[in-house]
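Top to bottom, those sequences are chains A and B.
Residues in the first sequence are numbered from 748 upward in steps of one, following our numbering.
Residues in the second sequence are numbered from 748 upward in steps of one, following our numbering.
Beta carbons: idealized from backbone N, C-alpha and C, even for Gly.
Just so you know, these numbers come straight off a predicted model, no measurement behind them.
Number of protein chains: 2
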Amino acid sequence: MRASAQQGVNNALSRIEQRDGELRAWSHVDAEGAGRQAAGIGSDAPLAGLAIGVKDIIDVAGMPCELGSPIHRGRVPAHDAALVAELKSLGAVVIGKTVTTELAFLHPGPTRNPHDLTRSPGGSSSGSAAAVADRHVDAALGTQTAGSLLRPASFCGVVGFKPTHGRFSLAGVKSCSPSLDTIGWIAKDVATAALIHDALTGAATAVTAGRVAFTRTTYWERSEAAVRKAFEALAARMGWHEATGPAQELEALHMAIMRFEMCRELATERLQFAGQLSAMMRDFLDPAIVPAGQYVAALEARASVDIEAIFDGADIIATPAALGEAPLFGSTGDASFNRFPSLLGLPAIAIPFARGDNGLPLGLQLVARRHAEPLLLATAREIERRIVWRPSGEGR
Amino acid sequence: MRASAQQGVNNALSRIEQRDGELRAWSHVDAEGAGRQAAGIGSDAPLAGLAIGVKDIIDVAGMPCELGSPIHRGRVPAHDAALVAELKSLGAVVIGKTVTTELAFLHPGPTRNPHDLTRSPGGSSSGSAAAVADRHVDAALGTQTAGSLLRPASFCGVVGFKPTHGRFSLAGVKSCSPSLDTIGWIAKDVATAALIHDALTGAATAVTAGRVAFTRTTYWERSEAAVRKAFEALAARMGWHEATGPAQELEALHMAIMRFEMCRELATERLQFAGQLSAMMRDFLDPAIVPAGQYVAALEARASVDIEAIFDGADIIATPAALGEAPLFGSTGDASFNRFPSLLGLPAIAIPFARGDNGLPLGLQLVARRHAEPLLLATAREIERRIVWRPSGEGR
């Protein structure tokens, strides 16, 4: 049985109080507002008792939404983002806002990895992953354009869920690259990720898992040895067959679309507030690097990708979720493995499945066809059940 | 030679002062801000001297953006929408905000048709079309989800330009149906529409027109007799061949996608502020009417539409832009002819080409393949040159 809404809020607040001084997963906590919201929730609401964090590029009425950037300091939206309104109507209570990298790109915020405070939690949904991994909340909203849900989930040893592109609303969410941006959530386990999905869609997650194939992809050689070894052992134990996997060219398509669109979506910041951008962001937002013709060609090439060839007869494609363990604080890590599902709008989930050489979590990525979230979640749940990895709990 | 920025602003302000008492195209005019902005613009800026209006679902820093809805009354964004920032950087000056229907849907604002004050200007970019038609400004930003740029342009006897879906940024624009929403502009003539396009893209409009085919579509029988007669006469005079045109089923796909997504994008308004929605909007935002399965099927059907069959060897498809003349004030008219380019993300333009039985403008719609804006604009310019229709000028 889930805790009552008020208990859920109290548990979250006391955990944050104890732990967030060092971790810095939260940019804003609203104890009073959360208490008020919890008081109004019936115990029969589908998500009653679920306290959540919301990445600080997603609007919550009355809470600062500063996008990890001084350009937006002091911004307090009057209204909830559409998905926040839906979650509140289902009984979830927003505890506060979680730290994002600058404008959901690469420049890190202050958040540390709860498994090792010298390490990055990943990005850009940094605070959401860290807050869930450190058990402040059971779930937190995030977004992904390249690997911003699955990568931090992998580094923090929690579940990261990216639905099909376009499936849930981005109204009230800062835009980065609309052809790729997807709202999703980080959760403590697959059951919690599925609970939120099912409450939002009214659909029940499938009961039987899909047929899985694995692929090493072209990032294999760049992955840490511990990832490769653990992944191959898992594939063998599960009896997965090997699929061809995505072509190397998809990475360049993803990068061209993302860069062109970010230059355009962030035109206000680029043209009017360049002095308040990080050097990393300012360098990236150079519209001369990807001309419109290259962008349009990348969109056309994306539209003609043979997705069935990638799945190769399977329902689900498995890859590592990241190249290895969380990097040292400063970089938010590499999103290579996450680019092809982001490019193609495919639903994907990361679940922790092993530990690396430093004892830090390693994530498994599972990818399904568009709109096959129920099958993806059922499959992830079945694999999670069979995996021996356990969170370190009081790991620090 | 274009006017200087300061002249452009002064002309617009004095025209608004004289005319907008009855017309009510503007929800906000910022004389002081426009003057300040104009003072900073060099005469060599590509759009120097261009005073523009901005539809009131698009953010302009420091100006109220109230989306035609009491739910958003008093909202004043701190930052420009991305496309507004780009236009300002090119030398355009924002005079103020133009009236939109409620949340860019059907419930009308106060704006009247400048050709006949008892008539509607169309919607949802109502104020943008009326302000350009009444010569307050040469151009105004708008958006289209079904027919919200081309329909009001047609009713007001001006040019309405909808680029390819996704080509220009919607950051800072209220979302309605992201699979369809497109930002574009209303302009006094094709040259002005092309000037803005070319300044934004750095591309020059093609010099030679494309090959045009016409189609009556399945809306033919519902169109006014004057439209049918004028359109057939134009097609014969131009020597256009007849193409098959879009299938009837596309209308239902458009409607399913738009309704499902609007229920989702406007979740905050629907769940938290239903009492402040019009009855029309409240009835429309019923999530039970289009279930997720129907939505996903509509997306899949859209992805498999044979676009080449619609074009039938031509570069450009011509249809009427609306069923007839502007309706009486109260309804914003029917978007039937505009749905297929909106559904398929195709660039489209409306140009005035004839008058109806009441002497009011009738519009021609031209549609091109994705990203073929230069060819579309060149073709529209060539047709505009050959059309005998002239605006009524002091028509009221």
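{"query": "Any residues in the stretch 1077-1104 of chain B with a beta carbon nearer than 7 Å to a beta carbon of chain A? Which ones, in chain order?", "result": "none"}
{"query": "Report the rounded CA-to-CA distance for T848(A) versus S774(A), giving the unit in angstroms.", "result": "11 Å"}
{"query": "Quick one: is H988(B) buried, meaning 16 or more other Cβ sit within 10 Å of its Cβ, or exposed?", "result": "exposed"}
{"query": "What are the residues of the stretch 797-827 of chain B that lie near chain A, defined by any Cβ-Cβ distance shorter than 7 Å?", "result": "R822, A825, H826, D827"}
{"query": "Which residues does DSSP pair with V906(B) in a beta bridge?", "result": "A934(B)"}
{"query": "Which class does W1136(B) belong to by DSSP, given the choice of helix, strand or coil?", "result": "coil"}
{"query": "Beta-carbon within less than 6 Å of A1101(B)'s beta-carbon, same chain only, minus the 5 sequence neighbours each way: which residues are those?", "result": "A977, L1109, W1136"}
{"query": "Can you check DSSP and say which residues form a bridge with E989(B)?", "result": "F961(B)"}
{"query": "Given a threshold of 16 other Cβ atoms within 10 Å of its Cβ, counted over all protein chains shown, does S1051(A) qualify as buried or as exposed?", "result": "exposed"}
{"query": "What does G913(B) touch in chain A if you count any residue whose Cβ is under 9 Å from its own?", "result": "P925, S926, E1008, L1046"}
{"query": "Quick one: give me the first and last residue of the beta strand (DSSP E) that I799(A) is part of.", "result": "798-802"}
{"query": "Start and end of the beta strand (DSSP E) containing P1099(A)?", "result": "1095-1102"}
{"query": "Would you say the stretch 953-967 of chain A touches the stretch 863-872 of chain A, given that touching needs at least three Cβ pairs under 8 Å?", "result": "no"}
{"query": "Assign D1104(B) to one of two classes, buried (16 or more other C-beta atoms within 10 Å of its C-beta) or exposed (fewer than that).", "result": "exposed"}
{"query": "Threshold first: 4 residues or longer. Then list the alpha helix (DSSP H) segments lying entirely within the stretch 880-926 of chain B, N to C.", "result": "897-903"}
{"query": "Pick out the complete beta strand (DSSP E) segments inside the stretch 1026-1111 of chain A, 3 residues or longer, and give them in chain order.", "result": "1063-1067, 1095-1102"}
{"query": "Starting from H775(B), trace the beta strand (DSSP E) in both directions and tell me its first and last residue.", "result": "773-776"}
{"query": "Residues of chain A with CB under 7 Å from H1118(B), in chain order?", "result": "V1043"}
{"query": "Residues bridged to R866(A) by DSSP?", "result": "L1075(A)"}
{"query": "Anything in chain A within Cβ reach of L917(B), meaning under 8 Å, just list it in chain order.", "result": "S922, P925"}
{"query": "Within its chain, find whatever has a CB closer than 7 Å to the CB of A1021(A); leave out the 5 residues flanking it on each side and keep chain order.", "result": "R1029"}
{"query": "Determine the extent of the beta strand (DSSP E) in which T845(B) is found, giving its start and end residues.", "result": "840-845"}
{"query": "Quick one: does R1011(A) have its CB under 8 Å from some CB of chain B?", "result": "yes"}
{"query": "In angstroms with no decimal places, state the Cα-to-Cα distance between A786(B) and K835(B).", "result": "12 Å"}
{"query": "Let's see if you can read the secondary structure: which residues bound the alpha helix (DSSP H) around G755(B)?", "result": "752-770"}
{"query": "Between T1015(A) and chain B, is the shortest Cβ-Cβ distance under 8 Å, so that the two count as touching?", "result": "yes"}
{"query": "Can you give me the C-alpha to C-alpha distance between E1120(A) and A1073(A), rounded to a whole angstrom?", "result": "27 Å"}
{"query": "Starting from C812(B), follow the alpha helix (DSSP H) in both directions and report where the run begins and ends.", "result": "Note, C812(B): premise wrong, no alpha helix (DSSP H); not H, not E."}
{"query": "Could you tell me which residues DSSP puts in a beta bridge with A1115(B)?", "result": "I1063(B)"}
{"query": "For the putative contact between A1065(A) and A982(A), defined by C-beta atoms under 8 Å, what is the C-beta separation to the nearest angstrom?", "result": "7 Å"}
{"query": "According to DSSP, which residues form a beta bridge with S929(A)?", "result": "Reading off the sequence, residue 929(A) comes out as Thr, not Ser. In the DSSP output, where bridge partners are listed per residue, T929(A) has Q891(A)."}
{"query": "Name the residues in the stretch 828-855 of chain B whose C-beta lies less than 9 Å from a C-beta of chain A; which are they?", "result": "A828, A829, L830, V831, A832, E833, K835, S836"}
{"query": "Answer yes or no: do T845(B) and G874(B) have a C-beta to C-beta separation smaller than 8 Å?", "result": "yes"}
{"query": "With a threshold of 7 Å (Cβ to nearest heavy atom), would A825(A) be considered close to the ligand NAD?", "result": "For the ligand NAD, the structure offers nothing, since it holds no ligand at all."}
{"query": "Assuming D777(A) and G919(A) form a contact by the criterion Cβ under 8 Å, report the distance between their Cβ atoms to the nearest whole angstrom.", "result": "Not a contact, Cβ separation roughly 17 Å."}
{"query": "Rounding to the nearest angstrom, what Cα-Cα distance links A878(A) and L1046(B) in this structure?", "result": "36 Å"}
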